[in-house]
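S.K.: Have a look at this one before I ask anything.
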Ligand SMILES: [Zn+2]
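In this note's numbering, the protein residues as written are 469 to 850.
Structural data, given as structure tokens:
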């Protein structure tokens, strides 16, 4: 497969599950155009019906569960559910890997701004750290247990608390591209989680035996069985299927409800200040994506801005060149503290996941770096 960038946005075809048409346009761009043809009024009426079906009439339980991280999307989800639809939601938050004070502040703000109950699931940090280190070493993703827990914990609690409706936020396939079937579907189930939840082929069972982890340590990370979920009538839907998702105007609106962005400049690895504010080493996660596939978080954001008509392709190229794939020194230092690994070991693991076909190497195949320690992409022509 020859390397190419989408001709409309700046996404490369190395992104997994992203397909290009014969004109060299990625399917996330096609999906963005499709969003303009969707009858959003009809979708909204579908949502109205769904909500009425699940509303708890005798106030004997909550109406729905809303899984939240505390970020901009969480604010917007709760805004729609509580403020617009006057539902009575129970919020559930799976504690992030290493939470920043800004992340905590935003999570607290949701409760106060909208007047809702919140359960924060504080994970066993010993087991979580072991899973994080294993995910980092084995599949190059230190947030592996987080990808799992944010999906399994709310579903398990929905089952236990007999609250059958779970309302998730954006549909990442609709926003960032992916197989058509996944984009058009609004339901989150086990199959979706395994295919699109970012688990990279690793299963929770694979964690048993890692550094002494036992099955009983992983109770909360197992997705309930289809039989249990069907019997309880548990339904999980994406709000992004019913409402046209667009981060920037949503951020502006949520600021009016007290959502805080990062005030001392953009998040490491990108040019925006409104996303992924709650993790100390988010930038390591994003950088691993960059070394594997040749694009980072700045590319994701620039592509969204291009598709939503806020940025030209030329501007996007300039921004990506400026921000994407810089060695995340702050994030690595934080991950060293969290993981107990040495800096040298962290860098070795990162190098082991680096796709050398995408970066310049010397004659011995060693990765070349610029004066700031950053890798140099082979494909600079967009
Ligand atoms: Zn594109």
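Built from N, CA and C at the ideal position, the CB exists for glycine as well.
Is it the case that the Cβ atoms of residue 681 and residue 625 are separated by a distance below 8 angstroms?
M.R.: Not closer than 8 angstroms, so no.
S.K.: Between residue 493 and ligand 1, is there a pair consisting of the residue's CB and a ligand heavy atom that are separated by less than 7 angstroms?
M.R.: Flag set: Cβ of residue 493 near ligand 1.
S.K.: From residue 596 to residue 613, what does the alpha carbon distance come to, in whole angstroms?
M.R.: Looking at the two C-alpha atoms, the distance is approximately 7 angstroms.
S.K.: Rounded to the nearest angstrom, how far is the Cβ of residue 691 from that of residue 716, given a contact under 8 angstroms?
M.R.: Not quite, the Cβ-Cβ distance comes to about 33 angstroms (not below 8 angstroms), so this is no contact.
S.K.: Between the C-alpha atoms of residue 577 and residue 730, what's the straight-line distance to the nearest angstrom?
M.R.: So the alpha carbons of these two residues sit roughly 15 angstroms apart.
S.K.: Can you grab the Cα-Cα spacing for the pair residue 500 / residue 511, in whole Å?
M.R.: Residue 500 and residue 511: Cα-Cα distance of roughly 16 angstroms.
S.K.: Do the segment 732-747 and the segment 788-802 make contact, defined as three or more Cβ pairs closer than 8 angstroms?
M.R.: With a cut-off of 8 angstroms, the segment 788-802 and the segment 732-747 count as touching, because enough Cβ pairs lie within range.
S.K.: For residue 572, I'd like the list of residues in its chain whose CB is within less than 8 angstroms of its CB, leaving aside the five on either flank, ordered along the chain.
M.R.: Only 538 and 746 meet the Cβ criterion.
S.K.: Which residues does DSSP pair with residue 564 in a beta bridge?
M.R.: Partner(s): none; residue 564 has no beta bridge.
S.K.: So what's residue 649 in DSSP terms, helix, strand or just coil?
M.R.: With a pLDDT of 49 at residue 649, under the threshold of 50, the modelled position of that residue is not reliable, and the figure given next carries that caveat. Residue 649: helix per DSSP, three-state reduction.
S.K.: Would you report the Cα separation of residue 594 and residue 506, rounded to the nearest angstrom?
M.R.: Each residue's Cα considered, the two are about 46 angstroms apart.
S.K.: Say the cut is 7 angstroms; is the CB of residue 770 nearer than that to a heavy atom of ligand 1?
M.R.: Answer for residue 770: no, Cβ out of range of ligand 1.
S.K.: Within the continuous beta strand (DSSP E) that includes residue 703, where are the two ends?
M.R.: Looking at the DSSP string, the run of the beta strand (DSSP E) that includes residue 703 is 703-706.
S.K.: Within 10 angstroms of the Cβ of residue 766, are there 16 or more other Cβ atoms? Answer buried if so, exposed if not.
M.R.: Under this definition residue 766 is a buried residue.
S.K.: In or out: residue 687 buried (at least 16 other Cβ within 10 Å) or exposed?
M.R.: Answer is exposed; the Cβ neighbour count stays below 16.
S.K.: Would you tell me roughly how many angstroms separate the C-alpha atoms of residue 470 and residue 480, rounded to the nearest one?
M.R.: Straight-line Cα distance between these residues: approximately 10 angstroms.
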